[in-house]
Amino acid sequence: MYFAFHFSMEGGSRPYLGYQSKSSSIEGKHTIQLVFSSFNETAETEHPNCNYGADGGAGVSCATRVDIDLNTMYSIHASAKENINGRDIYTGELYNDETNQFIVEIGSFSYPAGQGLFRNSSQDFIEGYISGTEEQTAKVIYGSVEGINEDGDTYTSDSVTVIEDPNDICVFSAKSYPNNSSSLLIRVNEDEYPSNMETVYVKNKLIQDLNGYEAA
Numbered sequence: 001m002y003f004a005f006h007f008s009m010e011g012g013s014r015p016y017l018g019y020q021s022k023s024s025s026i027e028g029k030h031t032i033q034l035v036f037s038s039f040n041e042t043a044e045t046e047h048p049n050c051n052y053g054a055d056g057g058a059g060v061s062c063a064t065r066v067d068i069d070l071n072t073m074y075s076i077h078a079s080a081k082e083n084i085n086g087r088d089i090y091t092g093e094l095y096n097d098e099t100n101q102f103i104v105e106i107g108s109f110s111y112p113a114g115q116g117l118f119r120n121s122s123q124d125f126i127e128g129y130i131s132g133t134e135e136q137t138a139k140v141i142y143g144s145v146e147g148i149n150e151d152g153d154t155y156t157s158d159s160v161t162v163i164e165d166p167n168d169i170c171v172f173s174a175k176s177y178p179n180n181s182s183s184l185l186i187r188v189n190e191d192e193y194p195s196n197m198e199t200v201y202v203k204n205k206l207i208q209d210l211n212g213y214e215a216a
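Given below as structure tokens:
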């Protein structure tokens with residue numbers, strides 16, 4: 001499954017940031033593949049975790065794998081730096097949200113100057129991207145989304161709302177949904193922080209892995 005955050009830039013580009021759940025041989029741990037990608041043909045990268053191309057089309061795709069602790073809140077940080085030598089630069093990172101410890105840089109890419117900062121229009125989605133009959137199940141708690149502007153002011157969204165489910169805890173099966181589609185949308189309140197955010201934090205907690213191991 002792909003747990004993704006889809007955000008908008010001032011210039012109109014809409015990058016994706018999130019993780020794909022992978023099985024792990026370490027009890028109490030879980031392997032995730034972090035993904036940061038753009039379908040904009042003007043995207044450029046020199047980051048070792050990134051390659052050109054996105055889902056068979058133009059753009060840039062960045063990925064790296066890490067082991068995380070179940071039942072621990074993590075946050076994925078997307079940050080923007082405007083007009084560095086004529087390019088706007090975007091970077092994705094993973095933090096342990098409970099300790100604020102930096103875990104790993106997912107990747108970085110740039111656009112020609114003009115895409116700017118993050119707008120306050122964003123949404124999460126969960127995609128069952130593996131075809132076939134293999135069933136994947138996972139349980140996730142999504143936290144709020146935070147935005148920080150250039151002055152360092154922090155704005156926090158309301159808790160996310162799960163479509164067709166009143167709870168923040170979601171349990172779902174990939175094979176129950178069409179392949180290659182947004183199988184379940186999880187939205188954030190778009191009015192709680194203004195546009196022109198320099199950094200956006202997305203928080204979630206994995207509490208059950210694909211093998212059925214559930215944290216205490």
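216 is the number that UniProt numbering gives the last residue of the sequence shown; the numbers go up by one with no jumps. By construction, the Cβ of each residue, glycine as well, lies at the ideal position given by its N, Cα and C atoms. For clarity, every value in this text was computed on a predicted model and none was experimentally measured.
### Assumed close pair residue 78, residue 17 - CB separation to whole angstroms, cut-off 8 Å
In the sequence shown, the residue the question calls residue 78 occupies position 78. In the sequence shown, the residue the question calls residue 17 occupies position 17. About 5 Å separates the two Cβ atoms, so the contact holds.
### Task
Mind checking who residue 65 pairs with in its DSSP beta bridge?
Locating residue 65 in the sequence shown gives position 65, where the first residue counts as 1. Residue 65 is bridged by DSSP to 33.
### Message
Tell me the rounded alpha-carbon separation between residue 203 and residue 50.
### Response
The count along the sequence shown starts at 1 and reaches residue 203 at position 203. The count along the sequence shown starts at 1 and reaches residue 50 at position 50. Taking the straight line from one Cα to the other gives about 23 Å.
### Task
To the nearest angstrom, report how far apart residue 154 and residue 4 are at their CA atoms.
Stepping through the sequence shown from its first residue, residue 154 is reached at position 154. Stepping through the sequence shown from its first residue, residue 4 is reached at position 4. If I take the Cα positions, the gap works out to 22 Å.
### Query
Whose CA, out of 119, 87, 90, 66, lies closest to the CA of residue 102?
One-based indexing of the sequence shown puts residue 102 at position 102. Answer by Cα proximity: 66.
### Query
Taking all protein chains shown into account, do 16 or more other C-beta atoms lie within 10 angstroms of the C-beta of residue 68, making it buried, or fewer, making it exposed?
As a working note, residue 68 is residue 68 in the sequence shown. Buried is the call here.
### Task
Could you tell me whether the Cβ atoms of residue 92 and residue 107 are closer together than 8 Å?
Reading the sequence shown from its first residue, position 92 is the one you call residue 92. Reading the sequence shown from its first residue, position 107 is the one you call residue 107. Going by C-beta atoms, residue 92 is nearer than 8 Å to residue 107.
### Message
Classify residue 59: buried if its beta carbon has 16 or more other beta carbons within 10 angstroms, exposed otherwise.
### Response
What you label residue 59 is simply residue 59 of the sequence shown in a count that begins at 1. The residue is buried, with at least 16 neighbouring Cβ atoms inside 10 Å.
### Message
Which of the three DSSP states is assigned to residue 105 in this structure?
### Response
Position 105 of the sequence shown, counted from the start, is the residue given in the question as residue 105. Note: residue 105 maps to strand in three-state DSSP.
### Query
Taking the C-alpha atoms as reference points, what is the distance between residue 112 and residue 10?
Locating residue 112 in the sequence shown gives position 112, where the first residue counts as 1. Locating residue 10 in the sequence shown gives position 10, where the first residue counts as 1. C-alpha separation (whole angstroms): 13 Å.
### Task
Give the C-beta separation of residue 95 and residue 74 to the nearest angstrom, bearing in mind that I take them to be a contact with Cβ-Cβ under 8 Å.
Against the sequence shown, residue 95 aligns to sequence position 95. Against the sequence shown, residue 74 aligns to sequence position 74. The pair is a contact, with the Cβ atoms about 7 Å apart (cut-off 8 Å).
### Query
Three-state secondary structure (DSSP) at residue 77?
Stepping through the sequence shown from its first residue, residue 77 is reached at position 77. Residue 77: strand per DSSP, three-state reduction.
### Backbone secondary structure at residue 51 - three-state DSSP
The residue labelled residue 51 in the question sits at position 51 within the sequence shown. Here residue 51 sits in strand by DSSP.
#### Entry: Option in 146, 115, 61, 84 with minimal Cα separation from residue 200
Sequence index remark: in the sequence shown, residue 200 carries index 200 (1-based). Closest by alpha carbon: 146.
### Message
If distances are taken between C-alpha atoms only, which option among 72, 81, 27 comes closest to residue 98?
### Response
Here residue 98 refers to the residue found at position 98 of the sequence shown. 72 is the residue among 72, 81, 27 whose C-alpha sits nearest the C-alpha of residue 98.
### Message
At the level of alpha carbons, what is the spacing between residue 142 and residue 42?
### Response
As a position in the sequence shown, residue 142 is number 142, starting the count at 1. As a position in the sequence shown, residue 42 is number 42, starting the count at 1. If you take the alpha carbons of residue 142 and residue 42, they lie about 32 Å apart.
### Task
Count the other C-beta atoms from every protein chain shown that fall within 10 angstroms of the C-beta of residue 23, then say buried if there are 16 or more, exposed otherwise.
Taking the first residue of the sequence shown as 1, we reach residue 23 at position 23. Exposed: under 16 other Cβ atoms inside 10 Å.
### Task
Return the residue from the list 12, 1, 7 that minimises the CA-CA distance to residue 114.
In the sequence shown, counting from the first residue as 1, residue 114 sits at position 114. Closest by alpha carbon: 12.
### Message
I need the DSSP call for residue 153, collapsed to helix, strand or coil.
### Response
As a working mapping, residue 153 is identified with position 153 in the sequence shown. Residue state, collapsed to three classes: coil.
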